[in-house]
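> -13 is the number of the first residue of the sequence shown in the working numbering; add one for each residue after it.
Ideal Cβ positions, reconstructed from N, Cα and C, are used throughout, including at glycine.
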Amino acid sequence: MLKFSLIVPNTRYKIDYLWSIFPSRGLLSLAACLRKNGYPVNYIDADFENLSHKEIIRLLEFFSADVVGITMNTFQAKAGMDLAKVIKQHNSDIKIIIGGSHPSALRNQVLLDYPEIDVACIGESEETVVELAEVIDNNNDLADIAGISYRVKGNVYDNPTRPLIQNLDSIPYPAYDLSGNLDRYPGAQPVLKPPSMHIMASRGCPYNCIFCTKCVWGNSVRFRSSEKVVDEVEFLHDSYGINEIFFQDDTMNVNRKWFFAICDEIIKRGLNREMAFKTPFRVNSKLVDLELLQKAKDAGFHMIFYGVESGNQNVLNIIKKGIKVEEIKRAFVLTHKVGIKTIAAFMIGNIGDTADTVKDSIALAKKIKSEVCGFSIATPLPGTEFYTIAREKGWICSDDFSEWSQFTAVSRNADLTMEEITTLRNFADEQVREYLTREEGGFIMSWISPQFKNKIKTIPAIGPLLVQVWRLIKKRRQRNMPKENLPEKSPAHVSDYAKLSIDEIQRDLDKRYKKGKAYISTTLWDDVRGEELNKQCMDMVSPTDGKQILELGCGIGGSAPHISTCGRYIGTDLSTEAINTASKTFGNRPGFSFVVMDAQDLKFSDCMFDLVIAKEVIEHVSNVKQTLQEAFRVLKPGGNILITSPNRDSLHLRVNRMLGHKDFTCSFDHIRELTYGEAEKLLLEVGFKITNTSGLFLKPYWGIPGVDEHVRHLTDNDPIMVDMLKELGRLCGAKYAFCYVIKAVKP
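Given below as structure tokens:
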């Protein structure tokens, strides 16, 4: 039977903007339908994995794909078309099918512009793709398949539109297993209870906003049954450890009775106590009231997304939003009243927007005081009324879809140039952030008495420093992370690893991995630190082309997601559960394998590898020197080792000692944390020569009793503060940073 590879194109060729905050629900839904009918499928998220064309081709060859499906919205179109061209040049026998909002809007025009495309699926494609598979597999005529445009012998044909799927319950769950560990994806921020995933409980929107396309889901709203919706929620929670759901529907409060039924089902199953939920609502007075919001609150909804778009009534009328400014204000007041946080989405550059109307939007954003407030640029997407108007009036200034994004103007309007639209967006964003900063700034010191504030100022060196940092935070505080996003408990029983044998550690690790991810990210600091760790490591070891790589303590994947190409990669870990997960997620990559092995006793021949990676490993082993000796043995002459580890002599811990406090370790499962000097000495004793070092984050010290718990959520969750600490870590270097990164060579 035909083999299908379904691909999310990599859009990061221009700017490092990640579309894949979630796996593609559309592609995974198609994959489920294909597999249900017996067709083998694999899923390649080239955007999330940041894969090059060369790497994608290798994966297609490894899977022996006969048909490639590429999803694309307009912002992904250029990347998708470029990928299709490369695939066709590599193997002209592969059939290339595209789908998504972009081809659904432009239909056969996409095939006329791009000869590499064989078929474009128009609109919903779960039924279409199965029919396509059967026809292609049997070499039959495509003329009878509704909902496609296709090419035959150079000619392009456009078939009739396929009717919308009425029974959404008939569609199987997306093939989530194909995307690997779902907790790899960051989710739609802010996330209260990671990991997060999205689902759709309905399809379609009855409203007629001119900036929104109806090419895929249509105007007719169709609903999944409340039981089926919550079944999927429970399935994700039980099978994948998902703790937060973002409903990606156009609007969840368009059908009150149905939404209440979903909430009641969530409460009935107790999921409101274990999970958190986010959802989009409309602000219309007839759709939002205290009873509905309280029901949402009771069911575990912690945040509501409202599409505000503009603070000017004339602009709202022009874009056919169907809401009043007073309704916007009312919705935010009521939502905050029941204790639910909000996201407010504005657009700059709508038809009718001027500098004055943007001021109205800024004023409204300040008035409603949403916890998260975002300004994007209104883009005339194909398939929208906005696109038709902008095209007719000659406003669109670029047809190169690689230049299109939510933050880059590609169209002017009657009053504003592209440059003015971009400037106004940036101005609005800055104004609202600064205003909300001032509004919230007082909270930081509000719980401290005036007498205690004055006493703090008298503390030599530390007192003035703390006061200045407080002022800095007060000035720069951003309201885009929930304050209750505090560290969660470890996912399994906490054991003191320093007192356990290797076998006991292995059993405890397996228990933790089996119960969930053994090392969870609970704060923004965790996530950014992880990204910074991977970036610094990859910068030091790149390029990896052709290299034989061994990673110690790889966990559920380690560096595998960040290594684009290599000759061979072997990941090792003590935990069987972790290795099984890593194999399932990355084992299908050519040359990648994972084995259970003790880093202190490697079962490899001498001089076998070009690179050994030990990210945050040496603090977990009982004999660090033996681990480094083993790494030295299996490395080829000229090969490199890369180690990272928490620094027991960081600036944070030095201040701790100066204040008379005992040393502490970063985690219960660290057997012994080394200073940078100790790690350097051991590497030299083993025979390595150090070639490069770097510092990873400067961890601040909040040691004054009663202060730490009030300030830590800022240093852990505030984006600007986290970014500052990241930069300071690089500046202070390996000796003083929270973690050190060391690269050494075997002479």
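1) Following the continuous alpha helix (DSSP H) through Thr343, name the residue where it begins and the one where it ends.
2) How would you label Ile728, buried or exposed, when you count the other beta carbons within 10 angstroms and need 16 or more for buried?
3) Taking the C-alpha atoms as reference points, what is the distance between Ser481 and Gly227?
4) Label Ala341 either buried or exposed according to how many other C-beta atoms from any shown protein chain fall within 10 Å of its C-beta, with 16 as the threshold for buried.
5) Helix, strand or coil for Asp531? Go by DSSP, reduced to three states.
6) How big is the Cα-Cα spacing for Met183 and Glu416?
7) Tell me, which residues are paired with Glu230 by DSSP?
8) Along the chain, where does the beta strand (DSSP E) containing Ser362 start, and where does it finish?
9) Output the boundary residues of the beta strand (DSSP E) element that contains Glu41.
10) By how many angstroms is the C-alpha of Ser15 removed from the C-alpha of Asn153?
11) In the DSSP output, what is Thr328 paired with across the bridge?
12) Can you grab the Cα-Cα spacing for the pair Ile134 / Ile82, in whole Å?
13) Would Leu222 pass as a contact of Leu276 if the rule is Cβ separation under 8 angstroms?
14) For the beta strand (DSSP E) holding Lys315, just list the boundary residues, first then last.
15) Where does Tyr421 sit, in a helix, a strand or coil, going by DSSP?
16) Exposed or buried, what is Arg640 when buried is set at 16 or more other beta-carbons lying within 10 Å of its beta-carbon?
17) Check for me: the alpha helix (DSSP H) holding Ala106 runs from which residue to which?
18) Considering only C-alpha positions, which residue in the set Cys107, Leu37 and Asn77 is nearest to Ser754?
19) Can you tell me which residues form a DSSP beta bridge with Pro632?
20) Please classify Thr571: does DSSP put it in a helix, a strand, or coil?
21) Considering just the uninterrupted stretch of the alpha helix (DSSP H) at Thr613, what are its terminal residues?
22) For the alpha helix (DSSP H) holding Thr114, just list the boundary residues, first then last.
23) In chain order, what residues of the same chain have a beta carbon less than 6 angstroms from the beta carbon of Gly715, not counting five sequence neighbours either side?
24) If we ignore side chains and look at the alpha-carbon of each, how far apart do Leu46 and Ile73 end up?
25) Between the Cα of Lys611 and those of Leu621, Ser591 and Ala585, spot the shortest distance and give me the residue it belongs to.
26) Here's the rule: buried if 16 or more other CB atoms are within 10 angstroms of the residue's CB, otherwise exposed. What is Thr374?
27) Note down, in chain order, each residue of its chain lying with its Cβ closer than 8 angstroms to the Cβ of Asn626, except the 5 sequence neighbours on either side.
28) Taking Ile337 and Asn399 to be in contact with their CB atoms under 8 angstroms, please state how far apart those CB atoms are, rounded to whole angstroms.
29) Determine the burial state of Arg259: buried for a count of at least 16 other Cβ atoms within 10 Å of its Cβ, exposed for fewer.
30) Answer yes or no: do Leu279 and Val240 have a C-beta to C-beta separation smaller than 8 angstroms?
31) With a threshold of 8 angstroms, are at least 3 pairs of Cβ atoms found where one atom belongs to the segment 341 to 352 and the other to the segment 380 to 390?
32) Phe267 and Val294: beta carbons closer than 8 angstroms?
33) When you compare the CB positions of His606 and Gly673, do they come within less than 8 angstroms of one another, or not?
34) If you draw a straight line from the C-alpha of Thr791 to the C-alpha of Phe413, how long is it?
35) Roughly how many angstroms separate the alpha carbons of Gly689 and Lys179, rounded to a whole number?
36) Compute the Euclidean distance between the alpha carbons of Thr444 and Ile290, then round it to the nearest angstrom.
The answer reads as follows:
1) Ala341 to Ile354
2) buried
3) Note on Ser481: pLDDT 46, under 50, position unreliable in the model; the coordinate value appears next. C-alpha separation (whole angstroms): 22 angstroms.
4) exposed
5) coil
6) 30 angstroms
7) Ser182 and Ala262
8) Val358 to Ile363
9) Glu41 -> not in any beta strand (DSSP E); alpha helix (DSSP H) instead, spanning His39 to Phe49.
10) 15 angstroms
11) Ile290
12) 13 angstroms
13) no
14) First-last for Lys315: Val311 to Lys323, but that is the alpha helix (DSSP H), not the beta strand (DSSP E).
15) helix
16) exposed
17) Premise fails: Ala106 lies in the beta strand (DSSP E), Val105 to Cys107, not in any alpha helix (DSSP H).
18) Since the first and last residues shown for the chain are -13 and 733, residue 754 lies out of range.
19) Cys725
20) helix
21) Val610 to Val620
22) Glu112 to Asp123
23) Gly681, Leu682, Phe683, Leu684 and Ala723
24) 9 angstroms
25) Ala585
26) exposed
27) Val527, Asp596, Leu597, Val598, Thr677, Lys729, Ala730, Val731 and Lys732
28) 6 angstroms
29) exposed
30) no
31) no
32) no
33) no
34) Because residue 791 is not part of the residues shown, which for the chain are -13 to 733, the question remains open.
35) Residue confidence is low: Gly689 scores 48 on pLDDT, short of 50, so the model does not pin down where it sits. Its coordinate-derived value is still stated next. Going by the C-alpha atoms only, they are around 27 angstroms apart.
36) In this prediction, Thr444 scores a pLDDT of 44, lower than 50, which makes its location untrustworthy; the coordinate-derived value is nonetheless stated afterwards. For Thr444 and Ile290, the distance between alpha carbons rounds to 44 angstroms.
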